[in-house]
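Residue numbers (the working numbering): 49 to 136.
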């Protein structure tokens, strides 16, 4: 399994998550709120890049994201590294 590319940019409307995706790949976006004490949640199924997370959180909240790529048959193919931000 190779590492997929991911970039996180803050925008006034939310967190802009851009990632690489081959034509036939399925990409799921996962988010964790508050660091390692929390569990990962899938926030987008078969997402397109870029994905915009517009959910609201209190200032000071740590948000982490990664993208999991799968084949059309549901087999894991690639996973991005984790990107994070603390909201201002």
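Glycine residues also receive a C-beta, built at the ideal position from the N, C-alpha and C atoms.
**OP:** Specify, as a first and last residue, the run of the beta strand (DSSP E) that residue 81 falls within.
**Re:** By 1-based counting over the chain shown, the position of residue 81 is 33. 74–81 is the extent of the beta strand (DSSP E) around residue 81.
Subject >> Exposure label - residue 128; buried when at least 16 CB within 10 Å >> reply: Stepping through the chain shown from its first residue, residue 128 is reached at position 80. Residue 128 is buried by the Cβ-count criterion.
**OP:** Using alpha carbons as the reference points, say which of 75, 108, 88 lies closest to residue 99.
**Re:** Position 51 of the chain shown, counted from the start, is the residue given in the question as residue 99. Here the closest residue by C-alpha is 75.
Subject >> Touching by the beta-carbon criterion (3+ pairs, under 8 Å), the region 83–103 and the region 119–126 >> reply: no
Subject >> residue 131 - DSSP class collapsed to helix/strand/coil >> reply: As a first step, residue 131 is located in the chain shown; it is residue number 83 there, counting from the start. In this structure, residue 131 counts as strand in the three-state DSSP scheme.
**OP:** Out of 134, 102, 116, point me to the one whose CA is closest to residue 69's CA.
**Re:** Within the chain shown, numbered from 1, the residue matching residue 69 stands at position 21. Nearest neighbour of residue 69 by Cα position, chosen from 134, 102, 116, turns out to be 116.
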